[in-house]
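Numbering of the sequence shown is given in our numbering, commencing with residue 1 and proceeding in unit increments. C-beta atoms are modelled at their ideal positions from N, C-alpha and C, and glycine is treated no differently. Below: the structure, in structure tokens.
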Amino acid sequence: MAVGLIAEYNPFHNGHLYQLNKIKEQFPNEEIILVLSGNFTQRGEVSLLNKWKKSEVALKAGVDLVVELPFIFATQSADLFSYGAVTLLEKLKVNHLVFGSESNCLEELEIIAKCQIENEEFEKLVKIYSKFGHNYPTAISNAIYDLTEKKVNTPNDLLGISYIKTILKNNYRIKPFCIKRTTDYHDKTIHSLSSATAIRKALKEGKKIKDTVPDFVLPYLQPFHFIEDYFDVLKYKILTDSDLSIYQTVDEGIENKLKKEIPSCHSYQELMDRIKTKRYTYNKISRMLLHILVGFKKEFAKENRKIEYIRILGFNNKGRSYLNRVKKEIDIKVLSKFERNYSEMLDFELYTTSIYDLIKKENLTEEEYKNHLGGIENEKNEK
């Protein structure tokens, strides 16, 4: 028996520790398996800590096994993000998927998920609302309300619905389980249970965040950097690339707006503000700019839609024992270190790591080749 968890830990804070402790209360003695976003996140930002440091933090917090969510899934919209993460947990024979929820009402989330899958009117309504100028998350929220009279517009509930949809669509055996979220995503103030968004904002402003994270996290939080630090590289890329439309999430002719605005922009935020429209959320724009920055092409995304391997970032003795028990049942390769040319998806992971490393220069490409785990058997599993 094992419990699955999906997270970005950008950064790990008191709310995350609360969630882990609740998992241990609800599922005593079961292994906790974490699918962790790497050096870039779903909102198109860079991780404050590189994936190795985040893995160390997770293990210190009580996680037993940490696996990497590849960039191709980690930086995409909720449904693609969820597919990659939940599929990894399914491959690892996890029994329950635990996620934070603002409503903490699993029954309602399951009703909404089934509605999106089974009701033919759902996609039609989303298109209608989008045509009237609503951005995609708002169009989804409105369509859900029209069909179920249930209002869902909070990030964790929406992501939870995507998790449940992935389970239902693929007939996975994982059972969803939600825990009440302790923080308000929109709250930007600093207190003991601040959100990751509030903590990042405070760090940008040079404010102290000591009371917002566990003591063992503080030594990891220096130095750190933000997506804004890559602006000069991004500007060069936009100025010199002849066709931006080839990149993932660059849609609806927005590449022309980018080309027009970038010459006179002097910061990442200025560029975001100039190309922002009602139809485009800041999260969607940020993801798009990240995909341009790292050269993530639509064709490549189309050709790499399936999970091809399980990349282990770290484990404790309990996690090692669990992996040894289930590895014969896993039908894809389990990797404890980088293997060049094994997978295009994995090669791209190394490439994006080298871009992440442009600012802090932590020699992360060399780290990819090191076996950080020790002792894990790394043979290819037979189907």
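I'd like the list of long-range same chain contacts for Y309, defined as Cβ closer than 8 Å, with 5 residues on each side in sequence excluded.
Setting aside the 5 residues that flank it on each side, Y309 is surrounded in the same chain by I332, K333, V334, L335, Y342, S343, M345, L346, each with a C-beta closer than 8 Å to its C-beta; the list follows chain order.
Proximity winner among V35, I238, T87, Y18, relative to K165 (alpha-carbon distances)
T87
For K93, which residues of its own chain have a beta-carbon under 8 Å away from its beta-carbon, when the five flanking residues on both sides are left out?
A2, V326, E329, I330
Verify whether the separation of the beta carbon atoms of K201 and K188 is less than 8 Å.
yes
Assigned exposure category for Y456 - 16 Cβ within 10 Å defines buried:
The structure shown does not extend to residue 456, since the chain spans only 1 to 383, so no value can be given for it.
Can you tell me whether F28 is buried or exposed? The criterion is at least 16 other CB atoms within 10 Å of its CB, across all chains shown.
Here the sequence assigns Pro to residue 28, which means Phe is not the residue at that position. Counting other Cβ atoms within 10 Å of its Cβ, P28 stays below 16 and is therefore classed as exposed.
Do L313 and L17 count as a contact pair if the criterion is CB distance below 8 Å?
No.
Could you give the uninterrupted runs of the beta strand (DSSP E) lying entirely in the segment 195-247, keeping only those of 3 residues or more?
Runs found: none.
I'd like the list of long-range same chain contacts for D241, defined as Cβ closer than 8 Å, with 5 residues on each side in sequence excluded.
I292
Which whole-angstrom value describes the C-beta separation of I227 and E45, a residue pair presumed to lie in contact below a C-beta threshold of 8 Å?
5 Å
Would DSSP call L346 helix, strand or coil?
helix
In whole angstroms, give me the CA-to-CA distance for E303 and E108.
35 Å
Among F81, K114, S141, nearest to V126 - alpha-carbon criterion:
Answer by Cα proximity: S141.
Could you spell out the range, first to last residue, of the alpha helix (DSSP H) harbouring L5?
Premise fails: L5 lies in the beta strand (DSSP E), 2-7, not in any alpha helix (DSSP H).
Taking contact to mean 3 or more Cβ pairs, one atom from each stretch, closer than 8 Å, check whether the segment 314-322 and the segment 277-292 are in contact.
no
Spatial neighbours of L147 in its chain, beta-carbon cut-off 8 Å, leaving aside the 5 residues before and after:
C115, N119, E121, F122, L125
Would you say Y230 and I359 are within 8 Å of each other, going by their C-beta atoms?
yes
Within a Cβ cutoff of 8 Å, which residues of the same chain sit near L168, ignoring the five residues on either side of it in sequence?
A113, K114, I117
Three-state secondary structure (DSSP) of N381
Reliability of the predicted coordinates at N381 is poor, the pLDDT of 38 falling under 50, and no value is obtained from them.
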